[in-house]
Amino acid sequence: MVSSLSGRGALSKREKALIGLAVAVTVQCLYCIDAYRNSCLENGSNMEQMAEARHLASAIHGCASLIHGIQLHNAQDGFRCKSMDTGVQITRNGKPMLLESPVDFAENLGGTTLRSIGIDTLQVNVGKLCNQACKHCHVDASPIRTEIMQRDVIDACLAVLDKYKITTLDITGGAPELIPDFRYFVTEARKIGTKVIVRHNLTVMFEVGQADLCEFFAENEVELVSSLPYFLQQQTDAQRGAGVFDRSIKALKRLNDVGYGACGNMVLNLVYNPVGAFLPPDQAAIECDFKRELKDRYGVSFNNLFTITNMPIARFLDWLRRSGNMESYMDKLINAFNPSTVSGLMCRSMVSVDWTGQLFDCDFNQMLELPIQSDRPQTIFDFDMEAMQNRRITTANHCFGCTAGAGSSCGGAVQP
Ligand code: SF4
Ligand code: SF4
């Protein structure tokens with residue numbers, strides 16, 4: 442109903458967005474405030490007009506609205522926060538903001554330096570274009586991002602995979618399927634015998650030109666890793682956008698129809714991440730819940746469930762700040778530090794490549810622009826296995842997200 446009323450009518454889209462913002466502040470809904478703030482900016486309102494709308498609502502509703510409206514001023518204190526459609530990477534002095542923490546991650550390792558033990562996975566982030574714009578996205582991906590990997594970078598990745606016989610290519614994004622050379626990348630990697638994992642968001646299969654995506658995945662025996670924050674609509678849509686849950690279930694059924702999620706080579710793994718400022722529950726227990734509920738409610742099957750901790754960077758960090766949860770979430774991560782996860786951290790056995798070919802220790806460091814050890818190759822074009830092995834991993838306080846509780850990695854808990 443909201444979307445049908447928000448188009449052009451007697452009131453302009455801009456006026457409606459301002460009204461929506463005022464109501465959102467009044468009813469104190471963080472997600473609505475977020476959505477209408479973006480809508481106001483997109484439709485031409487400035488911060489002054491948005492503040493006036495908020496003041497009017499506050500005057501009518503009283504002090505409670507006034508206090509909750511303060512979150513609109515998240516451009517203060519030297520922070521910069523762009524609208525969701527262009528990314529909400531929080532920057533300070535032009536660089537992605539690193540999390541302040543009362544405890545330093547490197548010191549917490551007790552003097553041990555985190556080092557690579559070898560490379561069995563090349564994780565390639567092919568760009569920031571995505572058909573969704575999820576609240577927790579650490580990539581700041583969205584439909585209007587233009588960063589896309591070009592053929593020369595893809596060919597350099599393929600050459601490295603072939604030369605060093607790296608066993609796994611892990612393709613992520615954005616929605617990787619949306620870049621023009623996605624299918625070329627997958628088929629060429631399969632020709633040289635590389636196992637291919639695609640981080641597939643499910644709903645992209647309903648985009649133009651993707652009607653045969655399930656069959657393409659099946660033909661190439663691509664292993665799929667797909668996010669589904671919860672087996673209920675409300676929680677999933679709150680994080681990933683209205684209508685995403687229904688389309689995700691429809692997509693899972695299609696994948697099941699071509700053989701994904703049963704025994705055999707067509708592996709379909711799901712990802713659970715908390716819808717809020719808390720740590721994931723026990724992976725095995727919630728996998729049982731997901732398997733039972735998805736089967737009983739929708740007739741859907743999958744192979745494994747990975748629990749992943751929300752990393753305090755980009756959009757999720759922005760939400761933590763605005764909702765007043767940043768310090769308590771950081772305390773949770775620090776207090777749950779588990780030293781036995783350190784040896785299994787994913788950065789120790791992989792290298793991450795960005796859409797331009799730049800190398801990083803992991804996708805999170807990539808988003809934070811934390812460079813790889815300076816005296817080692819910096820791009821895929823000058824990759825050298827010997828130089829990359831035993832390199833020192835660049836860490837910062839966001840790394841507490843990988844070591845909390847059972848640990849977190851692209852393959853789920855570090856300690857199952
Ligand atoms: S589907 Fe994935 S890449 Fe796209 S916005 Fe959501 S979290 Fe980000
Ligand atoms: S964020 Fe996690 S994977 Fe990345 S460097 Fe830190 S510990 Fe390693």
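Read in order, the letters of the sequence shown are residues 442 to 857 in this note's numbering. Quick reminder that beta carbons are idealized off the backbone N, C-alpha and C, glycines included.
Inset, instruction - State the CB to CB distance for the pair aspartate 804 and asparagine 566, rounded to an integer number of angstroms; the pair is presumed to be in contact (CB under 8 Å). - result: 6 Å
Inset, instruction - Return the bridge partner residues of asparagine 744 from the DSSP annotation. - result: Under the DSSP definition of a beta bridge, asparagine 744 lacks any partner.
Legend entry - Rounded C-alpha distance that separates cysteine 843 from methionine 752: 8 Å
Inset, instruction - Can you tell me which of Thr797, Leu811, Glu728 and Leu809 puts its alpha carbon nearest to the alpha carbon of tyrosine 671? - result: Glu728
Legend entry - Short Cβ contact (8 Å threshold) for valine 792 with leucine 563: yes
Inset, instruction - Could you tell me the distance, in whole angstroms, from the CA atom of glutamate 489 to the CA atom of threonine 748? - result: 42 Å
Legend entry - Residue from Gly852, Asn831, Phe686 and Phe743 whose Cα sits closest to the Cα of threonine 554: Asn831
Inset, instruction - Have a look at isoleucine 775 and serine 781 and give me their C-alpha separation to the nearest angstrom. - result: Cα-Cα distance, rounded: 14 Å.
Inset, instruction - Give every residue whose Cβ lies closer than 7 Å to any heavy atom of ligand 1, listed in chain order. - result: Screening all residues for a C-beta within a distance smaller than 7 Å of any heavy atom in ligand 1 leaves Cys571, Gln573, Ala574, Cys575, His577, Cys578, Val580, Ala582, Ser583, Gly614, Gly615, Ala616, Asn642, Ser668 and Arg681, in chain order.
Legend entry - Chain-ordered residues, beta carbon under 6 Å from a heavy atom of ligand 2: This selection yields Leu786, Met787, Cys788, Asp802, Cys803, Phe805, Asn806, Ile834, Thr836, His839, Cys840 and Cys843.
Inset, instruction - Just mark glycine 510 as buried or exposed, buried being the case when its beta carbon has 16 or more other beta carbons within 10 Å. - result: Reliability fails at glycine 510, whose pLDDT of 40 lies under 50, so the model's placement of it is uncertain and the value that follows must be treated cautiously. Per the 10 Å Cβ criterion, buried.
Inset, instruction - Please determine if the region 601 to 614 and the region 623 to 640 are in contact, where contact requires at least 3 C-beta pairs separated by less than 8 Å. - result: yes
Inset, instruction - Could you tell me whether the Cβ atoms of proline 721 and asparagine 714 are closer together than 8 Å? - result: yes
Inset, instruction - Sort Arg586, Arg681, Val601 and Phe647 by Cα distance to glycine 634 and report the nearest one. - result: Val601
Inset, instruction - Please name the residue in Ala498, Leu711, Cys851 and Asn710 whose C-alpha comes closest to that of serine 790. - result: Cys851
Legend entry - CB-CB length for alanine 547 against threonine 836, believed under 8 Å: 6 Å
Inset, instruction - Look at arginine 772 and cysteine 788 and say whether their C-beta atoms are less than 8 Å apart. - result: As written in the sequence, residue 772 is aspartate, which differs from the arginine given in the question. Not a contact, by the Cβ cut-off of 8 Å.
Legend entry - Rounded straight-line distance, which links the Cα of phenylalanine 623 to that of tryptophan 796: 12 Å
Inset, instruction - Assign glutamine 675 to buried or exposed, taking buried as 16 or more other Cβ atoms, counted over all protein chains shown, within 10 Å of its Cβ. - result: Under this definition glutamine 675 is an exposed residue.
Legend entry - Cα-Cα separation, aspartate 737 to phenylalanine 743: 13 Å
Inset, instruction - In the DSSP assignment, find the beta strand (DSSP E) that holds leucine 452 and state where it starts and stops. - result: Run containing leucine 452: none; DSSP gives neither H nor E here.
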